[in-house]
Amino acid sequence: LPGFEVRSAFAYEGAMVSAIHRMKFGDEPELAVQLGLLLQPLLDETAVLLPVPLGPKRRRTRGYNQSRELCRRLGRRVLAHAVERRAGTPQRGRSRAARRALSPSVFRVRRALAGQRVVLVDDVVTTGATLWALARAVRAAGARVESAVVLAHTPVCPPMLSCGVRHAPDGPTGGRGES
Numbered sequence: 011l012p013g014f015e016v017r018s019a020f021a022y023e024g025a026m027v028s029a030i031h032r033m034k035f036g037d038e039p040e041l042a043v044q045l046g047l048l049l050q051p052l053l054d055e056t057a058v059l060l061p062v063p064l065g066p067k068r069r070r071t072r073g074y075n076q077s078r079e080l081c082r083r084l085g086r087r088v089l090a091h092a093v094e095r096r097a098g099t100p101q102r103g104r105s106r107a108a109r110r111a112l113s114p115s116v117f118r119v120r121r122a123l124a125g126q127r128v129v130l131v132d133d134v135v136t137t138g139a140t141l142w143a144l145a146r147a148v149r150a151a152g153a154r155v156e157s158a159v160v161l162a163h164t165p166v167c168p169p170m171l172s173c174g175v176r177h178a179p180d181g182p183t184g185g186r187g188e189s
């Protein structure tokens, strides 16, 4: 299974860390909608968007999926409920090795995706394991994963992905980042 390009709007540092924490943990879904506009320059013209799903407990606790909220004003078709994440599979707080061990079986495809050109959307990419597992599940359902776009990336590119991280025009330039 070949990798895919991950495009990042910003590095996960400074003010972006604060904004993302407010969006995720400060009950500010409207901030996610505004931050999502920063992804616009990174998007493929024709692919549909697939936000990374949250597990059911995290979704109930937070009240919204920040990846879905990032997609809200992008003017693209969004496959908001095409894939669900099985319970008990959060990545936050896990070691890098535990994150990399994430299996595609944590995702269940709920809708026919055959023939769809898909761009995965997430807020932050740390090891790339979630994107990789989701891409494998979606590809197994017949979709073509074009790329992934994320609001921010941490510094190290995992070997499983082709990371040519491309930043938004007003964001950082050059370099490789983790996706």
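So that you can map any letter, position 119 of the sequence shown is 129 in the working numbering, and since no number is skipped, the others follow by simple counting. Glycine is no exception: its CB is placed at the ideal position from the N, C-alpha and C atoms.
My output table needs one value for L171: the three-state DSSP class, helix, strand or coil. Locating residue 171 in the sequence shown gives position 161, counting from the first residue. For L171, the predicted model reports a pLDDT of 49, less than 50, meaning its position is unreliable; a value from the coordinates is still stated below. If DSSP states are grouped into helix, strand and coil, L171 belongs with coil.
Cutting at 7 Å between CB atoms, please list the residues of its own chain near I30, excluding the five before and the five after it. Counting from one through the sequence shown, the residue named residue 30 turns up at place 20. Excluding residues within five positions, the ones whose Cβ falls inside 7 Å are D133, V134, L161, A162.
Inter-residue Cα distance where the pair is A147 and Y74: Against the sequence shown, residue 147 aligns to sequence position 137. Against the sequence shown, residue 74 aligns to sequence position 64. Going by the C-alpha atoms only, they are around 23 Å apart.
Name the DSSP beta bridge partners of V134, please? Position 124 of the sequence shown, counted from the first residue, corresponds to residue 134. In the DSSP output, where bridge partners are listed per residue, V134 has A162.
Among Q50, E94, P39, G46, the one whose alpha carbon lies nearest that of R121: Here residue 121 is taken as the residue at index 111 of the sequence shown, counted from 1. Of the candidates Q50, E94, P39, G46, the one whose C-alpha sits nearest the C-alpha of R121 is E94.
Relative to the alpha-carbon of L89, which residue among R82, L60, S115, S28 has its alpha-carbon at the smallest distance? The residue given as residue 89 occupies position 79 in the sequence shown. Answer by Cα proximity: L60.
Quick check: L53 and A19, are their CB atoms within less than 8 Å of each other? Numbered from 1 along the sequence shown, position 43 holds the residue referred to as residue 53. Numbered from 1 along the sequence shown, position 9 holds the residue referred to as residue 19. Between L53 and A19, the CB-CB gap reaches or exceeds 8 Å.
Thinking C-alpha only, which one of M26, W142, V27, E55 is nearest V116? Residue mapping note: residue 116 aligns to position 106 of the sequence shown, counting from 1. With distances taken between Cα atoms, V116 lies closest to W142.
Residues near G24 in its chain [Cβ-Cβ closer than 8 Å; skip 5 each side]: Position 14 of the sequence shown, counted from the start, is the residue given in the question as residue 24. For G24, where only same-chain residues beyond five positions count, there are no Cβ hits under 8 Å.
A97 classed as buried or exposed, judged by whether at least 16 other C-beta atoms fall within 10 angstroms: Start at 1 with the first residue of the sequence shown, and residue 97 comes out as number 87. By the 10 Å Cβ count, A97 comes out exposed.
Excluding the five sequence neighbours on either side, which residues of its own chain have a C-beta within less than 6 Å of the C-beta of R154, listed in chain order? Counting from 1 along the sequence shown, the entry for residue 154 is found at position 144. Hits under 6 Å: R127.
Please state if the CB of G125 and the CB of G85 are separated by a distance shorter than 8 Å. Within the sequence shown, residue 85 is the residue found at index 75, counting from 1. Within the sequence shown, residue 125 is the residue found at index 115, counting from 1. No, they are not a contact pair.
Delimiting residues of the alpha helix (DSSP H) encompassing F35: Within the sequence shown, the letter at position 25 stands for residue 35. Per DSSP, F35 belongs to the alpha helix (DSSP H) from 24 to 35.
Just the Cα atoms here: how many angstroms apart are S157 and E38? Stepping through the sequence shown from its first residue, residue 157 is reached at position 147. Stepping through the sequence shown from its first residue, residue 38 is reached at position 28. Going by the C-alpha atoms only, they are around 27 Å apart.
Assuming T140 and V62 are in contact, meaning their beta carbons sit under 8 Å apart, how far apart are those beta carbons, in whole angstroms? Residue numbering aside, residue 140 sits at position 130 when the sequence shown is read from its first letter. Residue numbering aside, residue 62 sits at position 52 when the sequence shown is read from its first letter. With a Cβ gap of about 6 Å, T140 and V62 count as contacting.
Taking only three categories from DSSP, how would you classify R82? Position 72 of the sequence shown, counted from the first residue, corresponds to residue 82. It is coil, neither helix nor strand.
DSSP state of L64 mapped onto helix, strand, coil: For the purposes of this step, residue 64 is taken as the residue at position 54 of the sequence shown. Three-state result, L64: coil.
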